[in-house]
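Quick notes on the structure that follows.
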Amino acid sequence: MSGSPVSVSSQEEYMVEAITNKRVKNGRTEYEVKWQGYSDNEKTWEPIENLQSVMTYVLDFEQSLKQKQPQEVGEGNYDDGDSADEILQIRKDNDGQNLLFQVSWKQKNNRAPKVSWINQNTLKTHNPEILIDYLLKKIKWPNNK
Numbered sequence: 001m002s003g004s005p006v007s008v009s010s011q012e013e014y015m016v017e018a019i020t021n022k023r024v025k026n027g028r029t030e031y032e033v034k035w036q037g038y039s040d041n042e043k044t045w046e047p048i049e050n051l052q053s054v055m056t057y058v059l060d061f062e063q064s065l066k067q068k069q070p071q072e073v074g075e076g077n078y079d080d081g082d083s084a085d086e087i088l089q090i091r092k093d094n095d096g097q098n099l100l101f102q103v104s105w106k107q108k109n110n111r112a113p114k115v116s117w118i119n120q121n122t123l124k125t126h127n128p129e130i131l132i133d134y135l136l137k138k139i140k141w142p143n144n145k
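First residue of the sequence shown: 1, per the UniProt record's numbering; consecutive thereafter.
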């Protein structure tokens, strides 16, 4: 398939070589685009709105994902060697003494662990960086005038 143009600004057009990945960021679906004539380290994440003129690439990529859907297994956990990907939400446990974090897990070897709840101590031990990132995103600073 030859590249199709995508207008990034009113003056520039880039040719898509391939769609190589997909993610959801801040509730919005984005696709990783390999641009024709550019190296792999110059790929960019683009929202679907920017890819309307190259929907064939997006649809082909989505079809390839369906063909290699990972096997969903039980809830993810560190004992199985799973790696946490992102904290989705937070709540207190039943006695109100500890925090529980709902965690999504990274896929590995065609295996997709289900979202699970992890206690604060386990998360601090195994993935303190995603815990810190999550909490930093939740800080609301007052507007100083």
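By construction, the Cβ of each residue, glycine as well, lies at the ideal position given by its N, Cα and C atoms.
Legend entry - Pairwise C-alpha distance: Y134 and S116: Locating residue 116 in the sequence shown gives position 116, counting from the first residue. Locating residue 134 in the sequence shown gives position 134, counting from the first residue. C-alpha separation (whole angstroms): 16 Å.
Inset, instruction - Using DSSP bridges, identify the partner residues of L100. - result: Start at 1 with the first residue of the sequence shown, and residue 100 comes out as number 100. Paired residues: R91, N119.
Inset, instruction - Hey, could you find the ends of the alpha helix (DSSP H) P128 is sitting in? - result: In the sequence shown, counting from the first residue as 1, residue 128 sits at position 128. Annotation: the continuous alpha helix (DSSP H) that includes P128 extends over 128-138.
Inset, instruction - With DSSP collapsed to three states, give me the class of N26. - result: Here the question's residue 26 lines up with position 26 in the sequence shown. In this structure, N26 counts as coil in the three-state DSSP scheme.
Inset, instruction - Below 8 Å on the Cβ atoms is my guess for S104 versus E75; work out the distance and round it to an integer in Å. - result: The residue you call residue 104 lines up with position 104 of the sequence shown. The residue you call residue 75 lines up with position 75 of the sequence shown. Actually they do not touch by this definition, with Cβ atoms about 11 Å apart.
Inset, instruction - May I have the straight-line CA-CA distance separating K114 from A84, to the nearest angstrom? - result: As a working mapping, residue 114 is identified with position 114 in the sequence shown. As a working mapping, residue 84 is identified with position 84 in the sequence shown. Looking at the backbone, the Cα of K114 and that of A84 are separated by about 11 Å.
Inset, instruction - Consult DSSP for D80 and reduce its assignment to one of helix, strand or coil. - result: As a first step, residue 80 must be located in the sequence shown, where it is residue number 80. Residue state, collapsed to three classes: helix.
Legend entry - For P38, three-class secondary structure by DSSP: Position 38 of the sequence shown, counted from the first residue, corresponds to residue 38. Correcting the residue type first, residue 38 is Tyr in the shown sequence and not Pro. Annotated three-state conformation of Y38 is coil, per DSSP.
Legend entry - Beta-carbon contacts of L100 that lie in its chain and below 8 Å, excluding the five residues immediately before and after: Numbered from 1 along the sequence shown, position 100 holds the residue referred to as residue 100. Excluding residues up to 5 positions away in sequence, I90, R91, K92, D93, W117, I118, N119, Q120 lie with their Cβ nearer than 8 Å to the Cβ of L100 in the same chain.
Inset, instruction - Determine which residues share a DSSP beta bridge with I48 and list them. - result: For the purposes of this step, residue 48 is taken as the residue at position 48 of the sequence shown. Partner(s): none; I48 has no beta bridge.
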